[in-house]
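A short worksheet on the structure shown next.
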Amino acid sequence: MLGRIHSLETFGTVDGPGIRFVLFMQGCAMKCLYCHNPDTWEMKGGKVVSVEDVLAEIEPYLGYYRRSGGGITVTGGEATLQAHFVEELFRECKRRWNLHTTLDTNGFCEPDHVAGLMEVTDLVLLDLKHIDREKHIALTSQPNDRMLKFAKYLSDTGKNMWIRHVLVPGYTDDEEDLYQLGRFIGSLNGVEKLELLPYHTMGVFKWEELGWDYQLKDISSPNEDEVARANRILNEGIAAEKASKVEEKASH
435 MLGRIHSLET FGTVDGPGIR FVLFMQGCAM KCLYCHNPDT WEMKGGKVVS
485 VEDVLAEIEP YLGYYRRSGG GITVTGGEAT LQAHFVEELF RECKRRWNLH
535 TTLDTNGFCE PDHVAGLMEV TDLVLLDLKH IDREKHIALT SQPNDRMLKF
585 AKYLSDTGKN MWIRHVLVPG YTDDEEDLYQ LGRFIGSLNG VEKLELLPYH
635 TMGVFKWEEL GWDYQLKDIS SPNEDEVARA NRILNEGIAA EKASKVEEKA
685 SH
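Counting from 435, one number per residue, gives the positions in the sequence shown under the working numbering.
Here it is, written out as structure tokens:
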């Protein structure tokens, strides 16, 4: 089977546990204002490779992945747009080496499209952009219905996940939005970790290379206090939702 990839990294340390082989798939249906890989959006871009091509890239580094408790992470772009390719890749990684598999996704997919992929995925890194539907559209060009549905699907099927949220001053840091996002996260089963990722401008040069206008050029990265505040609000929402679930269970 063939797939389109953007690039790969052999010693990734931030996209799942341990040292990881990170494969960046080509193509994304969202157009996030802060995207640091806008060159991955175009579905017809990148490089066409086979599953065997990718496995050959992984094999020399297996010792590092195993000793560190790492594995393979497939990200993007949006990896679920090529779900069948990623599924075959993960299946071979499991069959040959029993390698830990992680999918990094924004959740813009239907559950039945990725059911086979989920069978061979150990961990999902789910990037929740915004809890407010209209603000999500303004930020990404797409509504968040699919993302929230996908998160519930992962929760209902017992899939382990890390939730990621990019903190963008003036866009994703509203107190009520953060609290409601926390409530939503608190309603999910299987959440092992919450990663609040501070907005950065490291991808601006790619927008300039593409000749595109970067709308957030005047936005600064959040400082430590702003990140701490956002973490506090998110965790307050999570705690409130969990307490509500306990009360509801007790009342029955």
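Glycine included, every Cβ here is placed at the ideal spot set by N, Cα and C.
**Asked** Which residue's Cα is closest to the Cα of Arg525: Gly592, Ile667 and Met435?
**Response** Ranking Gly592, Ile667 and Met435 by Cα distance to Arg525 puts Met435 first.
**Item:** Nearest to Thr574 (by Cα), restricted to the options Leu582, Ile597 and His564
**Value:** His564
**Request:** Out of Leu622, Leu562, Thr635 and Glu681, point me to the one whose CA is closest to Val600's CA.
**Result:** Residue Leu562 is the option with its Cα nearest to Val600.
**Request:** Compute the Euclidean distance between the alpha carbons of Val661 and Tyr468, then round it to the nearest angstrom.
**Result:** 17 Å
**Prompt:** Would DSSP call Lys593 helix, strand or coil?
**Reply:** coil
**Request:** Spatial neighbours of Pro632 within its chain, please: CB distance less than 7 Å, with the 5 preceding and 5 following residues excluded, ordered by chain position.
**Result:** Hits under 7 Å: Leu601, Ser655, Pro656 and Val661.
**Request:** May I ask you to report which of helix, strand or coil DSSP gives Met552?
**Result:** helix
**Prompt:** Is there contact between the segment 466 to 481 and the segment 436 to 455, where contact requires at least three CB pairs shorter than 8 Å?
**Reply:** yes
**Item:** 8 Å Cβ cutoff met for Glu629 and Arg663
**Value:** In this structure, Arg663 does not lie closer than 8 Å to Glu629 by Cβ.
**Request:** Check the C-beta distance from Arg454 over to Tyr499 and give it rounded, since I have them as a contact under 8 Å.
**Result:** 7 Å
**Asked** When you compare each of Ser502, Pro494, Ala549 and Asn532 to Glu521 by their alpha carbons, which one comes out closest?
**Response** With respect to the C-alpha of Glu521, the residue from Ser502, Pro494, Ala549 and Asn532 having the closest C-alpha is Ala549.
**Inter-residue Cα distance where the pair is Val488 and Lys528** = 14 Å
**Message:** Quick check: what's the CA-CA separation for Lys676 versus Tyr613?
**Reply:** Using only the alpha carbons, I get a separation of about 13 Å.
**Request:** Return the chain-ordered list of same chain residues with a C-beta closer than 6 Å to the C-beta of Met581, the five sequence neighbours on each side being excluded.
**Result:** Gly541
**Message:** For Thr444, which residues in the same chain have their Cβ closer than 7 Å to its Cβ, ignoring the five residues on either side in sequence?
**Reply:** For Thr444, the CB contacts under 7 Å within the same chain, skipping 5 residues up- and downstream, are Phe455 and Tyr495 in chain order.
**Request:** Return the chain-ordered list of same chain residues with a C-beta closer than 7 Å to the C-beta of Glu670, the five sequence neighbours on each side being excluded.
**Result:** Tyr613 and Gly616
**Item:** Where Glu658 falls, given that 16 or more other Cβ within 10 Å makes a residue buried
**Value:** exposed
**Request:** Quick one: measure Cβ to Cβ for Gly592 and Gly624, integer angstroms, because I've assumed they're closer than 8 Å.
**Result:** 6 Å
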